[in-house]
Amino acid sequence: MKRTRIIANDFFKKCGIISLPISKNKINEIVKTNGWELRYYSTSKIIISSLGLLEYSNTHNGFTYTIDDKIIIFIRDELDYLEKINIICHEIGHIVLGHTSYNGILGKDKNKYYENILEKEADIFSLEFQAPLAMLSAQNYDTAEKIFNAGILNKELSEIQYRELLEYKDRLKKENSIFKYRLALTGISMILVICIFLIYKQEYTELSKETVIKSTTQNYIKETLIETITESVTEIPATEPEAAKADEPAISQKKNKVKITKSGKKYHLPDCHYVVSKTNTIELEIEEALKKGYEPCSVCCQQ
Numbered sequence: 095m096k097r098t099r100i101i102a103n104d105f106f107k108k109c110g111i112i113s114l115p116i117s118k119n120k121i122n123e124i125v126k127t128n129g130w131e132l133r134y135y136s137t138s139k140i141i142i143s144s145l146g147l148l149e150y151s152n153t154h155n156g157f158t159y160t161i162d163d164k165i166i167i168f169i170r171d172e173l174d175y176l177e178k179i180n181i182i183c184h185e186i187g188h189i190v191l192g193h194t195s196y197n198g199i200l201g202k203d204k205n206k207y208y209e210n211i212l213e214k215e216a217d218i219f220s221l222e223f224q225a226p227l228a229m230l231s232a233q234n235y236d237t238a239e240k241i242f243n244a245g246i247l248n249k250e251l252s253e254i255q256y257r258e259l260l261e262y263k264d265r266l267k268k269e270n271s272i273f274k275y276r277l278a279l280t281g282i283s284m285i286l287v288i289c290i291f292l293i294y295k296q297e298y299t300e301l302s303k304e305t306v307i308k309s310t311t312q313n314y315i316k317e318t319l320i321e322t323i324t325e326s327v328t329e330i331p332a333t334e335p336e337a338a339k340a341d342e343p344a345i346s347q348k349k350n351k352v353k354i355t356k357s358g359k360k361y362h363l364p365d366c367h368y369v370v371s372k373t374n375t376i377e378l379e380i381e382e383a384l385k386k387g388y389e390p391c392s393v394c395c396q397q
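If you're matching positions, the sequence shown starts at 95 in this note's numbering and goes up one per residue.
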């Protein structure tokens, strides 16, 4: 029946009701605004008789009849004030909940079991519309006596709605506890995510630094090795007359000039193919190169 209470609350808000109890004038205004009609038995005997419902009216305090697009709420005159309000709200429940009709009477059905369900829904709608649980709780109607003394419901219905109010408050407590629990879990989850992110960020930063250092070191070692290997590897010289190869070192020795590189450990003749195309070489006397620890190139120099 939760759906019925929700519909009743929505209709309550739609009617613009801001305080309890709901007055009879407000009920009349709601009926008129929605295009319905409210009639009392005493002034409607001819209509009720023409509909063949005179006997039915004698055994019921009120009913709603639909004909074409017209909706008429009939109610007994002799009822006390609060009972009239309750019966009208009950019939409004049949209308708002869209209940089916039988012989033109809303909430009636050939199947008595189904008809009882419709009547129960209309009762719940009436109670929730006259005394919404949320408003009772907000305005501290915390006893059945307070509800009755405020003129909201009669004594019997005040007891019924008060029991519903206690269950409503228990549900709220449970829902609040669950909400707080979920909120705490969400907070803990967010903290864990942030911690994991910070740890990952720190590890990533350290890894990036290590990668940069490692890469730089590897590049330096690679360049040094290439330079050293290039200068120290003995290659097969181009085919030339043996006499010419013997003369070239001799001529260079006479000139007494050799070239060295900043990173190499050997000195070379100026026309050695290891240094001839390089621009970062240093030219010096062969004696000076020997003093500095440089050794002759095994390709262009002869001992």
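Each residue gets a CB set at the ideal place from its N, CA and C atoms; glycine is no exception.
If you're wondering where the values come from, they're calculated on a predicted model, not measured in any experiment.
Boundaries of the beta strand (DSSP E) around Ile-354: 351 to 355. Fewer than three Cβ pairs drawn from the stretch 137 to 149 and the stretch 101 to 109 lie within less than 8 angstroms of each other, which leaves the two stretches out of contact. According to DSSP, residue pairing for Pro-390 in a beta bridge involves Tyr-361.
DSSP places Leu-132 in the strand class (E or B) of the three-state scheme. Note on geometry: alpha-carbon atoms of Ile-167 and Gly-156 lie some 7 angstroms from one another. Comparing alpha carbon positions, the residue from Ala-216, Ile-288, Gly-129 and Leu-247 closest to Asp-163 is Gly-129. In this structure, Ala-228 sits away from Tyr-235, with a CB-CB distance that is not shorter than 8 angstroms.
Restricting attention to alpha helix (DSSP H) runs no shorter than 4 residues, the stretch 151 to 193 encloses them at 175 to 190, ordered along the chain. Annotated as proximal: Ser-220 and Gly-187, with beta-carbon spacing under 8 angstroms.
The Cβ-Cβ distance between Leu-200 and Thr-160 falls below 8 angstroms. Per DSSP, reduced to three states, the secondary structure at Tyr-196 is strand.
Ala-238 has its alpha-carbon roughly 18 angstroms from the corresponding atom of Ser-113. Membership of Ile-112 in any beta strand (DSSP E) is not indicated, and neither H nor E is assigned to it by DSSP. In the DSSP assignment, Ile-376 falls within the unbroken beta strand (DSSP E) covering 375 to 379. In this model, Val-369 and Leu-301 are separated by some 40 angstroms (Cα to Cα).
When the beta-carbon positions are compared, Ile-211 and Ile-189 stay at least 8 angstroms from each other.
Taking 8 angstroms as the cut-off, the beta carbon of Ile-111 is found no closer than this to the beta carbon of Ile-182. If you ignore the 5 residues before and after Cys-391, its C-beta comes within less than 8 angstroms of the C-beta of Glu-325, Lys-360, Tyr-361, His-362, Leu-363, Cys-366 and Tyr-368, all in its own chain and listed in chain order. Taking C-beta separations shorter than 6 angstroms and ignoring five residues to either side along the sequence, the partners of Glu-389 in its chain run Lys-360, following chain order. In this chain, Lys-204 is not harboured by any alpha helix (DSSP H), its DSSP state being neither H nor E. Glu-381 and Ile-354 have their C-alpha atoms some 13 angstroms from each other.
Leu-230: member of the alpha helix (DSSP H) spanning 227 to 232, first to last residue. Between the alpha carbons of Lys-356 and Gln-296 lies a gap of roughly 41 angstroms. By the CB criterion at 8 angstroms, Arg-99 and Glu-213 fall outside the cutoff.
Counting other Cβ atoms within 10 Å of its Cβ, Ile-285 stays below 16 and is therefore classed as exposed. Residues Asn-350, Lys-351 and Val-352 of the same chain have their beta carbon placed closer than 8 angstroms to that of Glu-379, with the five preceding and five following residues left out of the count. Distance between Leu-292 and Thr-305, taken at the CA atoms: about 20 angstroms. Straight-line spacing of the CA atoms in Ile-218 and Ala-278 works out to 36 angstroms.
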